[in-house]
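*Asks:* In the numbering used here, the protein residues as written are 2 to 239. All residues carry an ideal CB built from backbone N, CA and C; glycine is no exception. Quick caveat: nothing in here was measured; it's all calculated off a predicted structure.
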Amino acid sequence: MKLPASYYQQNDVVHIAKDLIGKVIVSMVDDKRTAGIITETEAYRGVGDKACHAHLGRFTDRTKIMYENGGVAYVYLCYGIHNLFNIITNTDQQADAVLIRAAEPTEGIEHMLHRRGKEKLDKTLTSGPGNFSKAFGLDRSHYGEDLTGDLVWIEDAEVFAQEVAERSQSYLDDSSKQITSAHFDFDQRPPLNDIGSDKIISKEDIITSKRIGIDYAEEDADLPWRFYLWSSQFVSKR
DNA sequence: CCGTAGATGGCCT
DNA sequence: GGCCATCTACGGA
C-alpha cells in the first residue's frame, strides 16, 4: 500500500508527477491523521531545469536535500509565508522534485479546518501548494522526512475519476450543512457500473499545462510539466 | 465576477 | 538589496 523508495527513485520525474495524480497522501502530524487524493502536481527536473531550485547544480543548505536519493521530502518557505511540500525523486545527485499543489480531502477534515482556521469546507481548504501543506500540517520541520516512514507517505489507491467528481461536488453542494468531518472508505466503493465510469484514473483524466508562478524560468516556463485531475474541484487553477 | 496590492522572511551556485 | 514554485482581502464593475 505505502509507496516504496523504489517508486520515488524512478528516473523520470515528469512521469512520476503525472502518476502521482490519484494516489493518496497521508500525514500523521501531532497524532492527527489527515489524508487526501493528490489532484495537482508539478515536476521540477533537476540541474537542467531553469525553474528548479537545483538549476545548474545550485547547492545550499536549502537545496542540499534535493541531491539525496528519491523518497524524501523537500519543504521550503515561499514568499516568507507559505511552506511548499515537494517529493524528491530519482537517484542520488539528480535533484528532481515533484511539488504537491493540491489534494482532495478524504480523512481528518476537522484537523485540516482547524489548521487552516476555517469553519467550513470549501475548495480552498487543500488547493494551492501553500494551502495544501498547511491543511496537512506539513512545514519545514519535515524537511528531509523519509516518505517510507510513519509521518508522511503516499499510498497507491484505485480511485475512479467519476467517483472523485461526485464526491468532490457533494462536498461543495453540502456546504450549507457545514461538513466538519468525512471519511472515505475505499472498500465501500460501489461496483463499476454504478458509478458511471469504467476506468480508474488514467491518462485521459489528467490535464497537462505549464507550471505556475515561474515566469523567471524563461523558455522552461512553458514546459508542460503541471498535471491535474479534470474531475476534482480541489485544483488551484484550471 | 475580476485584478491587484500587501504580507513576510529566507535565500543568495 | 532584490527576488521569490503564494494567498487573501479588498476595491471596482
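1) Locate the beta strand (DSSP E) running through Gly145, then write down its first and last residues.
2) Contact between the segment 224 to 231 and the segment 32 to 51: three or more CB pairs below 8 Å?
3) Is it buried or exposed, Arg116, if we count other Cβ atoms within 10 angstroms and call 16 or more buried?
4) With a 10 Å radius around its C-beta and 16 neighbouring C-beta atoms as the bar for buried, classify Asp1 as buried or exposed.
5) Should Glu120 go down as buried or exposed, given a rule of 16 or more other Cβ atoms within 10 Å for buried?
6) If you follow the alpha helix (DSSP H) that Asn132 is in, where does it begin and where does it stop?
7) Within 10 angstroms of its Cβ, does Ile38 collect 16 or more other Cβ (buried), or is it exposed?
8) For Gly71, does the three-state DSSP call read helix, strand or coil?
9) Out of Ile26, Trp231 and Val48, state which residue places its alpha-carbon closest to the alpha-carbon of Asp151.
10) Rounded to whole angstroms, how far is the Cβ of Gly71 from the Cβ of Asn91, which I believe are closer than 8 Å?
*Replies:* Per the coordinate set shown:
1) Note, Gly145: premise wrong, no beta strand (DSSP E); not H, not E.
2) yes
3) buried
4) Past the boundaries of the shown model lies residue 1; the chain is included only from 2 to 239, so the question cannot be answered.
5) exposed
6) Pro130 to Ala136
7) buried
8) coil
9) Ile26
10) 5 Å
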